[in-house]
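*Asks:* Here it is, the structure in full.
Protein chains in written order, with my numbering: chain B, 752 to 863; chain L, 7 to 121.
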């Protein structure tokens, strides 16, 4: 039973355009949501997070949107750059929940 | 060290062998996590330590898997009598927490191949 879902295994975007990566979750106990980025042969690195009390968090080119009623979040990257090509993992946890649960990942390719 | 260090980076084991994977977390990080990542999938939670206490081991797939962190810093994940389905990348992560906000610092992983 996957608690964090990323239904698009891959996404291809032209350089300079917007990349939108989607994530759905099922566990109502989650109150922190995160995006991690992973390059080949490296461990995942934290990118951006959002608390459940917010609906948007922005950090430079990266914005995460949270829709609690729909149990859905998305990561927007604008403008997309070739260096953004990586696997992006959506993750979730809670203050009363010790685990961090990861989705299966979306592989983003930004084409120059 | 500056980051989370894992060793060995690559390990090839014959089925039935025991293996030990080491994780050296960031100094001062209270929380330590082990994850298993199969090819093409996301990291799957194995176990969680807060200092030397193993607070959650619900993700360990069988009793062949054992983890310890005896002095609250370095951790070892041991897999006994390895099977082919144990082939995966084993990721270690640490964080300052609790409270847990999910911001983990990962090592590069140990890739285990069981023949």
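Using N, Cα and C, we set each Cβ at its ideal position, and we do this for glycine too.
Is DSSP giving residue 91(L) helix, strand or coil here?
*Replies:* By 1-based counting over the second chain, the position of residue 91(L) is 85. DSSP, read as helix, strand or coil, puts residue 91(L) in helix.
*Asks:* Is residue 782(B) helix, strand or coil by DSSP?
*Replies:* For this step, residue 782(B) is matched to residue 31 along the first chain. Residue 782(B): coil per DSSP, three-state reduction.
*Asks:* If residue 802(B) and residue 782(B) are in contact, beta carbons under 8 Å, what's the gap, nearest whole angstrom?
*Replies:* In the first chain, the residue the question calls residue 802(B) occupies position 51. In the first chain, the residue the question calls residue 782(B) occupies position 31. That pair is a contact at about 7 Å.
*Asks:* I'd like to know if residue 851(B) contacts chain L, where contact means its C-beta is closer than 8 Å to some C-beta of that chain.
*Replies:* The sequence position of residue 851(B) within the first chain is 100, counting from 1. Yes, residue 851(B) lies at the interface with chain L (some Cβ there is under 8 Å from its Cβ).
*Asks:* Contact between the stretch 813-825 of chain B and the stretch 27-36 of chain L: three or more CB pairs below 8 Å?
*Replies:* no
*Asks:* Would you list, in chain order, the members of the stretch 84-109 of chain L that have their beta-carbon closer than 7 Å to a beta-carbon of chain B?
*Replies:* 97, 105, 106, 107, 108, 109
*Asks:* Would you list, in chain order, the members of the stretch 794-827 of chain B that have their beta-carbon closer than 9 Å to a beta-carbon of chain L?
*Replies:* 794, 795, 796, 797, 800, 802
*Asks:* Could you tell me the distance, in whole angstroms, from the CA atom of residue 786(B) to the CA atom of residue 108(L)?
*Replies:* In the first chain, the residue the question calls residue 786(B) occupies position 35. In the second chain, the residue the question calls residue 108(L) occupies position 102. If I take the Cα positions, the gap works out to 10 Å.
*Asks:* Quick check on residue 859(B) - is its C-beta less than 8 Å from some C-beta in chain L?
*Replies:* Taking the first residue of the first chain as position 1, residue 859(B) is located at position 108. So no, residue 859(B) is outside the interface.
*Asks:* Which of the residues in the stretch 39-62 of chain L, read from start to end, lie with their CB under 9 Å from any CB of chain B?
*Replies:* Per Cβ criterion, the list reads 39, 41, 43, 46, 47, 48, 49, 50, 51, 54, 56, 61, 62.
*Asks:* My output table needs one value for residue 854(B): the three-state DSSP class, helix, strand or coil.
*Replies:* In the first chain, counting from the first residue as 1, residue 854(B) sits at position 103. Looking at residue 854(B) - three-state DSSP - the assignment turns out to be coil, as it is neither helix nor strand.
*Asks:* For residue 106(L), which residues does DSSP report across the bridge?
*Replies:* Position 100 of the second chain, counting from 1, holds the residue named residue 106(L). The partner list for residue 106(L) (beta bridge, DSSP) is empty, contrary to what the question assumes.
*Asks:* Determine the extent of the beta strand (DSSP E) in which residue 799(B) is found, giving its start and end residues.
*Replies:* Indexing the first chain from 1 puts residue 799(B) at position 48. 796-802 is the extent of the beta strand (DSSP E) around residue 799(B).
*Asks:* Less than 8 Å between the CB atoms is what I'm expecting for residue 859(B) and residue 837(B), so what's the real figure, rounded?
*Replies:* Locating residue 859(B) in the first chain gives position 108, counting from the first residue. Locating residue 837(B) in the first chain gives position 86, counting from the first residue. Between residue 859(B) and residue 837(B), the beta carbon gap of about 6 Å places them in contact (Cβ cut-off 8 Å).
*Asks:* Residue ranges of each beta strand (DSSP E) run of no fewer than 3 residues wholly in the stretch 27-68 of chain L, ordered along the chain?
*Replies:* Runs found: 37-43, 50-56, 59-62.
*Asks:* Using the beta-carbon count (16 or more within 10 Å), is residue 84(L) buried or exposed?
*Replies:* Taking the second chain and counting its residues from 1, one reaches residue 84(L) at position 78. Counting Cβ neighbours within 10 Å, residue 84(L) comes out exposed, since fewer than 16 surround it.
*Asks:* Quick check: is the beta carbon of residue 22(L) nearer than 8 Å to any beta carbon in chain B?
*Replies:* Translated into positions along the second chain, residue 22(L) becomes position 16. Taking Cβ atoms only, chain B never reaches closer than 8 Å to residue 22(L), which makes this a no.
*Asks:* Once the 5 residues before and after residue 822(B) are set aside, which same chain residues still bring their CB inside 7 Å of it?
*Replies:* Your numbering for residue 822(B) matches position 71 in the first chain. Excluding residues up to 5 positions away in sequence, 775, 776, 777 lie with their Cβ nearer than 7 Å to the Cβ of residue 822(B) in the same chain.
*Asks:* Could you run through the stretch 829-844 of chain B and flag, in chain order, every residue whose CB is less than 8 Å away from some CB of chain A?
*Replies:* The question asks about chain A, but that chain is absent: this structure's protein chains are B and L.
*Asks:* Compare the beta carbon distance of residue 20(L) and residue 121(L) with 8 Å and say whether it is the shorter of the two.
*Replies:* Along the second chain, one-based indexing puts residue 20(L) at 14. Along the second chain, one-based indexing puts residue 121(L) at 115. Result yes, Cβ atoms of residue 20(L) and residue 121(L) sit closer than 8 Å.
*Asks:* Could you tell me whether any Cβ in chain L is nearer than 8 Å to the Cβ of residue 783(B)?
*Replies:* By 1-based counting over the first chain, the position of residue 783(B) is 32. True, the Cβ-Cβ gap to chain L drops below 8 Å.
*Asks:* Measure the C-alpha to C-alpha separation of residue 809(B) and residue 798(B) and round it to an integer number of angstroms.
*Replies:* Along the first chain, read from residue 1 onward, the residue named residue 809(B) stands at position 58. Along the first chain, read from residue 1 onward, the residue named residue 798(B) stands at position 47. Cα-Cα distance, rounded: 11 Å.
*Asks:* Does the distance from the C-beta atom of residue 12(L) to that of residue 74(L) stay below 8 Å?
*Replies:* Position 6 of the second chain, counting from 1, holds the residue named residue 12(L). Position 68 of the second chain, counting from 1, holds the residue named residue 74(L). In this structure, residue 74(L) does not lie closer than 8 Å to residue 12(L) by Cβ.
*Asks:* Assuming residue 833(B) and residue 863(B) make a contact with CB atoms under 8 Å, what is their CB distance in whole Å?
*Replies:* Within the first chain, the letter at position 82 stands for residue 833(B). Within the first chain, the letter at position 112 stands for residue 863(B). With 8 Å as the limit, residue 833(B) and residue 863(B) qualify as a contact, their Cβ atoms being about 5 Å apart.
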